[in-house]
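So the protein sequences, as listed, match chains A and B.
For the first sequence, our numbering assigns the number 2 to the initial residue and increments by one for each residue that follows.
For the second sequence, our numbering assigns the number 37 to the initial residue and increments by one for each residue that follows.
Scroll down for the structure; my scribbles are underneath it.
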Amino acid sequence: MEEVKLEDIKSLLDKIFIFDDKYKDDILSKAAKIKTAERQNIYDLLLKVEVWQRNIYEQKLKTDPALLQKLSGLIHDKKRILNELKADMLASKDREKISKVLSFIDKL
Amino acid sequence: MTSSEQEKPDLPPMETAAPAAANSGNEKNIQEQYRDLISDLIGEIPPGFKPESEKDLDYKQRLEELHKKQLEASLSEKEQGEVARMKEEIDQLLAKASEAAIEPEKTVETEIIDESTDQKSIERLTRDVRLISDIEQLELLEAVPGDDAETIKRKLDKKKEITSIIERRNWGKALGKLQDGDKVITVIVPGADFLKIKHLNDEVFGYSRTSDILEYRKKLIEEQLVLSGGIKAEILKTDYQSSTLRIPSENVPEKYLNSLNVKMENIDALMTEFIEDIVEEELQKSKNDPIKTGKLNKFNDELMGRMPDGRTVKNGYRMTYGVSEVEGKTMAGRLDALNRSTQAARTARGAEGSYGTEYDKELIDTELDLIKELRSKLQDESITNSDGIEFKLFNQEKNGFLKINKDVLRDVRKDKFKAAKNSEKVLADVVKYVKKINILDSVKPFIKEETAEGGKLQKQMRDYSDLTDEFLNLTDTVPDASLTPEQQQEKTAAAEKIRNEINEIIKTEEKDHNYTSADQFNSKATEIKTCAYLSIDVMDVGVDQLQEFERLLQDVENEGGNDKDKKRKLLDEKASVAGDGATKKMREVRENIKKVLGEHGLLMDVKTGKYTKKDGLVLGHVGGDEVTLAVDMSELENRKLSVEDLMFEIKDATNHGKADVRIINTVAAEAIRDNKAVDKQSQAEIFKDHLKTIKRAEKGADIAKQVEENVRKFNLLIQREGSSAKVAEMIKEAGLEKIFKISKDQVTSFIIVTEKEDGFDVKAEGFDVDADELQQKIADIKTKLAA
Chain A
2 MEEVKLEDIK SLLDKIFIFD DKYKDDILSK AAKIKTAERQ NIYDLLLKVE
52 VWQRNIYEQK LKTDPALLQK LSGLIHDKKR ILNELKADML ASKDREKISK
102 VLSFIDKL
Chain B
37 MTSSEQEKPD LPPMETAAPA AANSGNEKNI QEQYRDLISD LIGEIPPGFK
87 PESEKDLDYK QRLEELHKKQ LEASLSEKEQ GEVARMKEEI DQLLAKASEA
137 AIEPEKTVET EIIDESTDQK SIERLTRDVR LISDIEQLEL LEAVPGDDAE
187 TIKRKLDKKK EITSIIERRN WGKALGKLQD GDKVITVIVP GADFLKIKHL
237 NDEVFGYSRT SDILEYRKKL IEEQLVLSGG IKAEILKTDY QSSTLRIPSE
287 NVPEKYLNSL NVKMENIDAL MTEFIEDIVE EELQKSKNDP IKTGKLNKFN
337 DELMGRMPDG RTVKNGYRMT YGVSEVEGKT MAGRLDALNR STQAARTARG
387 AEGSYGTEYD KELIDTELDL IKELRSKLQD ESITNSDGIE FKLFNQEKNG
437 FLKINKDVLR DVRKDKFKAA KNSEKVLADV VKYVKKINIL DSVKPFIKEE
487 TAEGGKLQKQ MRDYSDLTDE FLNLTDTVPD ASLTPEQQQE KTAAAEKIRN
537 EINEIIKTEE KDHNYTSADQ FNSKATEIKT CAYLSIDVMD VGVDQLQEFE
587 RLLQDVENEG GNDKDKKRKL LDEKASVAGD GATKKMREVR ENIKKVLGEH
637 GLLMDVKTGK YTKKDGLVLG HVGGDEVTLA VDMSELENRK LSVEDLMFEI
687 KDATNHGKAD VRIINTVAAE AIRDNKAVDK QSQAEIFKDH LKTIKRAEKG
737 ADIAKQVEEN VRKFNLLIQR EGSSAKVAEM IKEAGLEKIF KISKDQVTSF
787 IIVTEKEDGF DVKAEGFDVD ADELQQKIAD IKTKLAA
């Protein structure tokens, strides 16, 4: 059996939006310090979370068209804030920071 | 990935609304909508965004609040409850896994490691990073119209802080202050092994308390020797081993010099009391830790002079001093004064009652005679260790030079040589001899050639002094109506040039301008997401240096004959080159490392921080006989180069330069550095991990040292047997021919040590073995050979 790398756990966490960033960072930080065999258990549990999340939301999308409407307003607000941040970043001198932040924002 | 994406495990139930006219028949569309939703909802904060101001924190807060609203809008209360339950399950699993974590059980050693990452060390790193951040924007330290008095003062103080760092590196200036007739006082730390800083740091107190001791020592020297007595003394240089003071020739009261012994006695008493208090505090804290308590009590006994073998020796924190006078106006005269005061301080280490002395011709004559006497006594002797192995103490080379056995010297200087009963007296003499030949030891970052009049050291003195003066007096940020626009532009350009120079000096290592300074290293290394640390020790630097001293001292004897004046003059000459061999060797090693990194385009541009093939610095921390590199593993990946290949290349390059190096790889925890938030706590976590990762290399170094020791033991055995057949057979049986190579009846080893999840691997080209397994196999070989 292939060992579970931290990178694998991170990729999985990147798909889980029902956990906030702080909690996800905490999981990664703790996972970094434990034995590989134990990481497999964490990975399996996170996979269950991801599958649950997907099932929930796919079902909601099928049965509740208002969901996208509800969320789109909030997502629109998020994009607005990120655009403000983008403008600030462009005024900053830190080129590396700019490119990282902008590539994220531009994906949205 | 180990599980299929189609897995449908035992999951909590979902709430469903009444079916609506959705895209029920169009699964692909739903999946696409879901994917779009993920990308909209994923990540509250953009990666790489580090809140640095109130405004940034405001963004962060707003984004976090929005994310919370999004979840509340899309999940029912029951579903939110399920999320909380799943989190709990994860937390429990992590907590359980952490108990059986890869970090070893807490022993005193690991507690010391933890103490080394305590508040003080975090503060130190924070200061380093802040300094680098300041010097990258030096123009912000210039006063501008509208600045109030407080701001002007704050900016100027900051500039002075920066110039004082440069002044401390200005060895030339320190030396240049010495004038004809000035007195030089050198105070050196106690010679006892139990008081060595590394021992205090690693074994007894840890970084924080050891730092307290060093700071107190500095304070006492200032109070007792500089500020008291109404004299105009000043401290020229301080390092971990010594402090050097200057007393101007026009103000050298006899009373002050006569009172030095009493002052040093006061310092001894105060230091001892201070350290005893620390021992008491630490004993209180470690009541439930018998190992730590034992170590502290042992240390306390040694401090009080109660030795394990029942002897009572000089106790306390006994520093010694030496005084000499500058003769003449040349750099050579100043250096001689420095060397002489240090020699006098060293001779005082053995003296009863007295804490130091003025450089005295007769004293030096006596020392030289004593060294010669000891060598004559020992030159035909052998010594047997507790394993029953006999070593001939001296070997005479073709030119008549009597060279002490390197293996014996190596162990004696580290207090590791265990003598057989009948060799204990010989060992005592050898220990004395080794301490005596160390009379030539001093810490200096230059070699003799660089001290010539008008040479590198003097040039640096002039350049740095001019630069710091100019930096403190820059005015380009204040518009000057008397200047034309072109003139203003020129002024700005000139100021930029000065700032760039300051920037470069601070970021560059004082001992080796091909390397980053410690501040720059700590700042940049902690920014690398996937960082591998390569700890490179050059073997036997201290041993080779002692053998260099031995040779120089014999040159003095042979060339001086019975002419005492000539011998003293020769000693001054030899003292001025003592240590140059080791310095040159280390420079060559570092040069070779740089070449390898340069070939792979892994040097760091000082201005841009980008990687480059040339005109860049090695991102490394330069120590005495070691270098620690920080390597960006993603950069290695881009170059299709593995860490191990890089390590072998470095080892090869330094080997061709005739230096043997130990090279250990440890890896920083990526998850900690991937942290999106840069609050104080996260920054502290990154710094702690940085320090711990570097510290862990010591365990790897111990493994490498064991392999080296076994190479030596195998070779001794082969010598005794007269053939390598038996050793070769055992090594082959154990499957370790790649680790211990035999050729022409000589065992050698060419290995690297790399960290893994739960320990270290030892690797030779095309072979690797777990370090614990290797240890076991070696133990088996030894048992078989003994049988």
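We put the beta carbon where it would ideally sit given N, CA and C, even for glycine.
With contacts defined as CB atoms closer than 7 angstroms, valine 448 of chain B and valine 466 of chain B qualify as a contacting pair. For alanine 33 of chain A, the nearest beta carbon of chain B is closer than 7 angstroms to its own beta carbon. DSSP lists B:Tyr647 and B:Leu653 as the bridge partner or partners of methionine 640 of chain B. Valine 5 of chain A and aspartate 816 of chain B have their alpha carbons spaced roughly 34 angstroms apart.
With its beta carbon less than 7 angstroms from one in chain B, asparagine 42 of chain A belongs to the interface.
With a cutoff of 7 angstroms on beta-carbon distance, valine 654 of chain B and tyrosine 500 of chain B are scored as not near each other.
Cβ-Cβ distances below 7 angstroms link arginine 623 of chain B to Asp548 in the same chain, with the five nearest sequence neighbours on each side left out; the list follows chain order. For isoleucine 271 of chain B, the enclosing beta strand (DSSP E) begins and ends at 270-274.
An exposed status is given to leucine 176 of chain B, since fewer than 16 other beta-carbon atoms sit within 10 Å of its beta-carbon. Three or more beta-carbon pairs drawn from the region 805-819 of chain B and the region 760-774 of chain B are found closer than 8 angstroms, and the two stretches are therefore classed as touching. Using a CB distance below 8 angstroms, the part of the region 110-127 of chain B facing chain A consists of Ser110, Leu111, Glu115, Glu118, Val119, Met122, Lys123, Glu125 and Ile126, ordered along the chain. Residues of chain B with a Cβ closer than 8 angstroms to the Cβ of leucine 7 of chain A are, in chain order, Glu706 and Ala707. DSSP assignment within the region 549-621 of chain B yields the following whole beta strand (DSSP E) runs of 3 residues or more, N-terminal first: 567-574.
Contact between aspartate 668 of chain B and aspartate 164 of chain B does not hold, since the beta-carbon distance rounds to 19 angstroms and is not under 8 angstroms.
For isoleucine 400 of chain B, the enclosing alpha helix (DSSP H) covers residues 397-414. Contact between lysine 774 of chain B and phenylalanine 803 of chain B holds, since their C-beta atoms are separated by about 4 angstroms, short of 8 angstroms. Under the criterion of beta carbons closer than 8 angstroms, aspartate 576 of chain B and arginine 709 of chain B do not qualify as touching, at roughly 35 angstroms.
Annotation: Cβ neighbours of leucine 29 of chain A in chain B (cutoff 8 angstroms, chain order): Ala707 and Asp710. Contact between the region 732-745 of chain B and the region 693-703 of chain B is present, with at least three C-beta pairs closer than 8 angstroms. Of B:Glu90, B:Ala185, B:Asp193 and B:Ile158, the smallest CA-CA separation from leucine 508 of chain B is found for B:Asp193.
With the criterion set as a beta carbon lying under 8 angstroms from some beta carbon of chain B, the members of the region 61-88 of chain A are Lys61, Leu62, Lys63, Thr64, Asp65, Pro66, Leu68, Leu69, Lys71, Leu72, Leu75, Ile76, Asp78, Lys79, Ile82, Leu83, Glu85 and Leu86, in sequence order. As summarised for the region 698-735 of chain B, the continuous alpha helix (DSSP H) elements at least 4 residues long and confined to that stretch are 706-709, given in chain order. In the DSSP assignment, threonine 329 of chain B is bridged to no other residue. If you draw a straight line from the Cα of glutamate 671 of chain B to the Cα of methionine 683 of chain B, it is about 15 angstroms long. In chain order, Met122, Glu125, Ile126 and Leu129 make up the part of chain B whose C-beta sits under 9 angstroms from the C-beta of leucine 46 of chain A. For tyrosine 391 of chain B, the secondary structure class from DSSP, reduced to helix, strand or coil, is coil. Counting only runs that start and end inside the region 662-690 of chain B, the alpha helix (DSSP H) elements of at least 4 residues fall at 669-674.
With fewer than 16 neighbouring CB atoms inside 10 Å of its own CB, isoleucine 188 of chain B falls in the exposed class.
What serine 134 of chain B touches in chain A, judged by beta-carbon distance under 9 angstroms, is Lys31, Lys34, Ile35 and Glu39, going in chain order. Three or more beta-carbon pairs drawn from the region 204-212 of chain B and the region 481-495 of chain B are found closer than 8 angstroms, and the two stretches are therefore classed as touching. Here the alpha carbons of isoleucine 66 of chain B and glutamate 115 of chain B stand approximately 20 angstroms from one another. For arginine 166 of chain B, no chain A residue has a Cβ inside 9 angstroms of its Cβ, as the nearest lies near 16 angstroms away. Within the region 566-584 of chain B, not one residue has a Cβ closer than 8 angstroms to any Cβ of chain A.
The alpha-carbon of lysine 79 of chain A is positioned some 18 angstroms away from that of leucine 111 of chain B.
For arginine 98 of chain B, the nearest CB of chain A lies under 7 angstroms from its own CB, placing it at the interface with that chain.
In the three-state reduction of the DSSP assignment, aspartate 505 of chain B falls in the helix class, which pools H, G and I.
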